[in-house]
Ligand code: NOJ
């Protein structure tokens, strides 16, 4: 067991690909596996070392792959098993790992088990899902008050057998019943199939939802309408009995045991929604659960040094060594990172610099590296079932805006596909002529060059990859600072969250060579890397607006 030992995934740089939107080679308007293979050089040049693929299994695509019909097959819209094997081979040749997205909580309603299950109450697969009588007297009301994450009751009535089935997400995504040991056995068998095929690990979809309260007790009332990363409550109820049961922790520990039977080491990266204390539980009591769990609190953190200080301090105190945090700013469910900071590239760079210099494994979402923006999708082109259902909501809840095609060039369809524009599964974001790979490729100051340089910087510095993190604090209200140390080598990080220059005064002292000059290892302005900068009055260091810098040395308290 490797509960404290550092593994490859502790220093990994994970890149999420949403395959539908990456690159389309057969011109059907939907990205595919061959598209990822075709763009492999791009990934290599970017410097990432691990890819997480959103689901590619056979699926009716009611929730774009998060509704799996057959876990042993690749969906034909993405390609074939041969294509997947080729992708895995190409990736491994380049020493890049591939993580699959495992949806263990629910299947599609088109999965053979569910088709069997709904046939009759006696069917051998009946108990693979959660079926109950409706509330008395006539059974015309759902068995309890649980709400679906996507709105409406979490139960759907099935007249064929006069019972209701439970689905925390869409009615097309019935929840599996893990109180039936057969279900776990089947899902572990399937997990093993992919491990044997050589995948390097899994991103685990909503892994805090595996078990439900055995008595299906009603959830308590709450005033909260929208979900947040700090509370359990939304849609006017506290989701106490339908998630985060203690049995889930036993489950992830067993999953860990399963993956640890495979060499070389594989990773389990969990999606757990909720506050940091909950995230912590899924690492297991002795760091014997999931290796990594997403921490989503950055995705809603206001752009202020003190706010980030609070989030980071909380994460660090909740997940001290040997626990290893995992920071994200966006994914296929959340608004694009740059658009949350007013499409200001300097701010997006500062956040990326923060993410990649903290203790933890960063995960970026494709397009983030070129500053892709959140798109506004006309109502008639909406695809996401949540966006369609709540199209009228004043607070956008749909997820199409962050799922638009990758912007490769300023050609038709942003170079994503040669199909007719109307056949694109989602339209491209309107700024694609300015924001695209081709335009940024050879510009040393572009966002893409910035990400390449930042990823390289991270990879080349052991303090960042393996070091401790200390002295996390703010200076002059707007400057966030911390220190990373490894084998007595210190690296100081300073991030100026203000739009004004700030001089961090006399306390700046460079431990090893206090010569009135420091050697900056990295700046988000990209213009003085590895050069000495003069410090005014010996101990004054000037940070430009929204600048982040890293240098060897320390800031005494
Ligand atoms: C979380 C996934 O990220 C999201 O896209 C999906 O809709 C739900 N889980 C349900 O599987």
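Numbering (our numbering), first residue to last: 605 to 1161. No residue lacks a Cβ here, since even glycine has one placed at the ideal position from N, Cα and C. These numbers come from a predicted model, not from an experiment.
Problem set entry | Rounded straight-line distance, which links the Cα of residue 629 to that of residue 689 | In this structure, the straight-line span from the alpha carbon of residue 689 to that of residue 629 is close to 17 Å.
For this session: Over the uninterrupted alpha helix (DSSP H) stretch that includes residue 787, give me the two end residues.
Result: For residue 787, the enclosing alpha helix (DSSP H) covers residues 785-801.
Exercise. Taking only runs of the beta strand (DSSP E) that begin and end inside the segment 803-861, which ones reach a length of at least 3 residues, in chain order?
Worked result: Qualifying beta strand (DSSP E) stretches, in chain order: 805-808.
Exercise. What number of angstroms, rounded off, separates the C-alpha of residue 777 from the C-alpha of residue 710?
Worked result: Near 6 Å, if we compare the C-alpha coordinates of residue 710 and residue 777.
For this session: May I ask you to check if the CB of residue 1041 is nearer than 6 Å to at least one heavy atom of the ligand NOJ?
Result: Checking every heavy atom of the ligand NOJ against the Cβ of residue 1041, none is found closer than 6 Å.
Exercise. With distances taken between CB atoms, is the gap from residue 1054 to residue 1148 smaller than 7 Å?
Worked result: In this structure, the beta-carbon distance from residue 1054 to residue 1148 does not fall below 7 Å.
Exercise. Closer than 6 Å: is that where the CB of residue 687 sits relative to any heavy atom of the ligand NOJ?
Worked result: Every heavy atom of the ligand NOJ is 6 Å or more from the Cβ of residue 687, so no.
Exercise. Would the beta-carbon of residue 1004 fall within 7 Å of that of residue 1019?
Worked result: Cβ atoms of residue 1004 and residue 1019: not closer than 7 Å.
Problem set entry | Of the listed residues 720, 968, 877, nearest to residue 835 (C-alpha basis) | Of 720, 968, 877, the residue nearest in Cα terms is 877.
Problem set entry | Cβ-based burial, residue 829 [other Cβ within 10 Å; buried from 16] | The residue is exposed, with fewer than 16 neighbouring Cβ atoms inside 10 Å.
Exercise. Leaving out the 5 sequence neighbours to the left and right, which residues in its chain are closer than 6 Å to residue 879 when beta-carbon positions are compared?
Worked result: Scanning its chain for C-beta atoms nearer than 6 Å, with the 5 sequence neighbours on each side dropped, one finds around residue 879 the residues 834, in chain order.
Exercise. Just reading off the alpha helix (DSSP H) that residue 717 is part of, what are its end residues?
Worked result: Residue 717 -> alpha helix (DSSP H) spans 716-721.
Exercise. When you compare only the Cα positions, how much space is there between residue 789 and residue 955?
Worked result: CA-CA distance, residue 789 to residue 955, rounds to 42 Å.
Exercise. For the ligand NOJ, is there a heavy atom less than 6 Å away from the beta-carbon of residue 773?
Worked result: Yes; taking the cut-off as 6 Å, the Cβ of residue 773 has a heavy atom of the ligand NOJ nearer than that.
Exercise. DSSP three-state call for residue 706: helix, strand or coil?
Worked result: Three-state result, residue 706: strand.
Exercise. From which residue to which residue does the beta strand (DSSP E) around residue 966 run?
Worked result: 965-969 is the extent of the beta strand (DSSP E) around residue 966.
Exercise. CB-CB under 7 Å to residue 1229, same chain, minus the five flanking residues each way: which ones, in chain order?
Worked result: No information on residue 1229 is available, as it lies outside the stretch 605 to 1161 that the chain covers here.
Problem set entry | Minimum C-alpha distance to residue 659 - residue among 650, 787, 960, 670 | Cα-wise, what sits closest to residue 659 is 670.
Exercise. What's the C-alpha gap between residue 746 and residue 736?
Worked result: When rounded, the distance between both Cα atoms is 9 Å.
Problem set entry | C-alpha distance - residue 855 paired with residue 1090, whole-angstrom precision | Cα to Cα, residue 855 sits roughly 35 Å from residue 1090.
Exercise. In angstroms, rounded to a whole number, what distance separates the CA positions of residue 981 and residue 1156?
Worked result: If I take the Cα positions, the gap works out to 46 Å.
Exercise. Under a three-way DSSP split, which group does residue 646 fall into?
Worked result: Note: residue 646 maps to helix in three-state DSSP.
Problem set entry | Segments of 4+ residues assigned as alpha helix (DSSP H) that fall wholly inside the segment 849-923 | Entirely contained in the segment 849-923, the alpha helix (DSSP H) runs reaching 4 residues are, in chain order, 850-864, 880-885, 909-922.
For this session: Output yes or no for whether 7 Å exceeds the beta carbon distance between residue 894 and residue 872.
Result: The answer is yes: Cβ separation under 7 Å.
Exercise. Beta carbon of residue 810: closer than 6 Å to some heavy atom of the ligand NOJ?
Worked result: Yes, the beta carbon of residue 810 sits closer than 6 Å to at least one heavy atom of the ligand NOJ.
Exercise. Among 935, 805, 900, which residue has its Cα nearest to the Cα of residue 867?
Worked result: If you compare the alpha carbons of 935, 805, 900 with that of residue 867, the shortest gap goes to 805.
For this session: Report the option in 969, 674, 1125 whose CA atom is closest to the CA atom of residue 1009.
Result: Residue 969 is the option with its Cα nearest to residue 1009.
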